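Remarks on the structure that follows.
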Amino acid sequence: MSEEILVKSSLLREEYRKLTHKSGLRIYVFPKKLSTAYAALTVRFGSLDNTLCPEGEGELLVLPDGIAHFLEHKMFENEDHVDTFDRFSAIGASANAYTSTDVTSYLFSASQNFSEALKILIDSVFHPYFTEKNVTKEQGIIAQEIKMYDDSPANRLYYALMELLYESHGIRTNICGSCASIAEITPELLMQCYRTFYRPDNMVLIVCGDVPCEDVVAVVDATLTEPARASLPPRRETREGRAPLGRHTEFRMDIARPKLSVGIKDTAIPDTPEARERRALILNLAADLYFGESSPFFDRLYRDGLISRDFDVGYESARGCGHMLFSAATDDTARLENEILDEISAIAGGKTPTEEDFDRLLRVHYAEYIKSFDNTEAIATALLDAVIDGVDLFQTGEVIASITREELMRTAKEFFNRDNVASVVINPTKGRK
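Under our numbering, the letters of the sequence shown match residues 1 to 433, in that order.
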C-alpha cells in the first residue's frame with residue numbers, strides 16, 4: 001500500500017483519504033457520519049473507448065458500438081447462477097451500475113454490513129462469466145433496451161442533435177450501441193475487453209460514509225492480491241474544433257406536443273483539466289444568467305406561453321467535446337428557435353448581465369456546491385467525477401468564487417456563436433401538417 005494522503009478543506013471542514021493499493025487500484029475514502037454509506041468501483045472504460053490493443057499484439061482492434069455497456073450488464077451474472085443483485089439484497093444493500101462515455105461504474109449503498117457488501121462488489125467485478133448462451137440471451141435483452149430508447153423522445157432528440165453537431169466524435173453514438181453492433185459481440189471479444197480494461201490499475205474505488213479507511217483497505221487486501229501491471233491501456237482522444245456537421249433536422253414521433261432541442265458546439269475546449277473545469281463552470285453560470293428561470297428571457301417567453309417549466313439549458317462535456325443544450329416542449333418550435341438564436345446573437349454582441357444578477361447567481365451556484373456535501377451519494381459522485389476529470393474536488397468551490405462578471409462576459413461572447421448552432425425538432429405524428 002502506498003503512503004496515505006490526507007486531503008483537507010479548511011473552508012468546508014471536510015477531508016478525505018487517498019491511497020494506491022499494491023494492485024494499482026486507487027482508493028478514496030471520504031468519511032461522513034450519515035446513516036447510509038456509498039461505494040463505487042469504476043473502470044476507465046466507456047462508450048468512447050471503441051478500440052483496444054490486446055496485450056502482446058500490435059494490431060489495433062475496432063470494437064462494436066455498445067460493448068462497454070454490454071460488458072456492464074454481464075458483470076452481475078455469476079457461474080453459480082446466483083444474481084449479484086440478490087446477494088446485495090440479502091444483506092440489506094442496494095446495488096446498481098451505469099456506463100457513460102468515459103467510464104463504467106458499479107455501486108451500492110448500505111446502512112449496515114458495509115464490508116460484506118464491498119466484498120460482494122469487488123468479487124463480482126473481478127470474476128467475469130461469459131458463455132455463448134448468456135451472451136446470446138443478453139443480446140436479446142439489450143436489443144429490447146435499445147428499442148425502448150428509440151421510442152424515447154428525449155433520447156432521440158439528444159442523439160439526433162449529436163449527429164448534427166459532430167462529424168466523427170464518439171459522442172454521436174448511442175452508449176448502448178445498435179441492434180446490429182451488439183450482434184457482433186462474442187464471449188471472446190468480451191474477455192479481450194475485460195482483460196484489457198478491467199484491471200485494478202485502470203480502476204478507482206470511491207467510498208463515502210461512516211466507514212473507517214482501514215476497513216476498506218482490509219477488504220481490498222483480501223480480494224486483490226496481484227501486483228499492478230507495467231502499463232495502462234492507452235485512451236484515444238478525438239477532438240473536433242470545427243463547426244457542426246449539419247444545421248437542422250426534423251422527424252415525427254407519437255407525442256402530444258412538438259419538442260425542440262438546440263445545441264451550441266464548443267470549438268475552443270482547453271487543453272488542461274483545470275481550464276476545462278473552469279470553462280464548464282463559467283458556461284453553466286452563463287446558461288442560468290441568460291436563459292434560466294430568473295432571467296428576463298425565460299420570464300418573457302413563459303408569460304407568452306411559448307415555454308413552460310420544462311425548458312432546460314446547460315453545458316455538458318465529455319472527453320474531447322463540449323456543448324450547450326437547450327430543450328423544451330412548445331407549440332411553436334420555429335419561434336422558440338428564433339428567440340434562442342436572437343439571444344445568442346445578443347450575447348455575442350456583448351449583452352451584459354447586471355452586477356446584481358451576476359452576484360446573486362454566483363452565490364446560488366456556490367451554495368449548491370456547499371449543499372452537495374450533505375449526501376453520501378452526491379459526495380461520492382462528485383469526487384469520482386473530479387478524479388476522472390483530473391481536478392481537485394475541494395478547489396471547485398474556490399473556482400466558482402473566483403469567477404468574475406468580466407470573465408464570464410468574455411467567455412460567453414466567444415462561445416455564443418450562431419455559426420456553431422444546430423437544432424432538432426420532433427413533431428407529433430398526428431394533428432400536424
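C-beta: ideal position from N, C-alpha, C; glycine also. Since we're looking at a predicted model, the values are computed, not measured.
Buried/exposed call for residue i, threshold 16 Cβ in 10 Å
i, result
"Pro353", "buried"
"Lys32", "buried"
"Ser10", "exposed"
"Leu283", "buried"
"Gly305", "exposed"
"Lys265", "buried"
"Lys371", "exposed"
"Ser23", "buried"
"Met162", "buried"
"Met324", "buried"
"Phe327", "A small correction: the amino acid at residue 327 is Ser; Phe does not occupy that position in the sequence shown. Looking at its Cβ environment, which holds 16 or more other Cβ atoms inside 10 Å, Ser327 is buried."
"Ser105", "buried"
Residue range of the unbroken beta strand (DSSP E) whose run includes residue i
i, result
"Ala40", "37-43"
"Asn427", "421-428"
"Phe30", "26-31"
"Ile206", "203-209"
"Asp102", "From DSSP, Asp102 is part of no beta strand (DSSP E); its letter is neither H nor E."
"Ile67", "Not the beta strand (DSSP E): Ile67 falls in the alpha helix (DSSP H), residues 67-74."
"Arg17", "14-20"
"Ile5", "5-9"
Residues bridged to residue i [DSSP beta-bridge criterion]
i, result
"Thr267", "Thr267 pairs with nothing; no bridge assigned."
"Asp342", "Paired residue(s): none; Asp342 is not in a bridge."
"Ser94", "Ser109"
"Ser261", "Ser327, Val424"
"Ser89", "Partner(s): none; Ser89 has no beta bridge."
"Ala318", "Cys321"
Residue i versus residue j - alpha carbon distance
i, j, result
"Ala183", "Thr196", "21 angstroms"
"Arg363", "Pro296", "19 angstroms"
"Val62", "Asp102", "17 angstroms"
"Lys433", "Leu52", "The pLDDT assigned to Lys433 is 43, lower than 50, so where the model puts this residue is not dependable; a value taken from the coordinates is nonetheless given after this. Rounded to whole angstroms, Lys433 to Leu52 spans 48 angstroms at the Cα level."
"Leu121", "Leu6", "25 angstroms"
"Glu293", "Glu339", "15 angstroms"
"Tyr28", "Val220", "12 angstroms"
"Lys119", "Ile344", "51 angstroms"
"Leu19", "Leu224", "15 angstroms"
"Leu336", "Gly66", "34 angstroms"
"Asn78", "Glu72", "13 angstroms"
"Ile255", "Ser115", "47 angstroms"
"Glu274", "Ala222", "36 angstroms"
"Ile185", "Glu356", "56 angstroms"
"Pro128", "Asp385", "26 angstroms"
"Asp215", "Lys74", "28 angstroms"
"Ala117", "Ser111", "10 angstroms"
"Met191", "Ile91", "30 angstroms"
"Gly170", "Leu48", "5 angstroms"
"Thr376", "Thr429", "44 angstroms"
First and last residue of the uninterrupted alpha helix (DSSP H) at residue i
i, result
"Tyr302", "296-303"
"Cys213", "213-223"
"His248", "It is not in any alpha helix (DSSP H) - His248 instead sits in the beta strand (DSSP E) that spans 248-253."
"Lys133", "132-150"
"Val125", "114-125"
"Leu157", "153-165"
Threshold first: 4 residues or longer. Then list the alpha helix (DSSP H) segments lying entirely within the segment 325-407, N to C. At a cut-off of 4 residues, the continuous stretches assigned as alpha helix (DSSP H) that sit fully inside the segment 325-407 are 333-348, 355-371, 376-389, 396-402.
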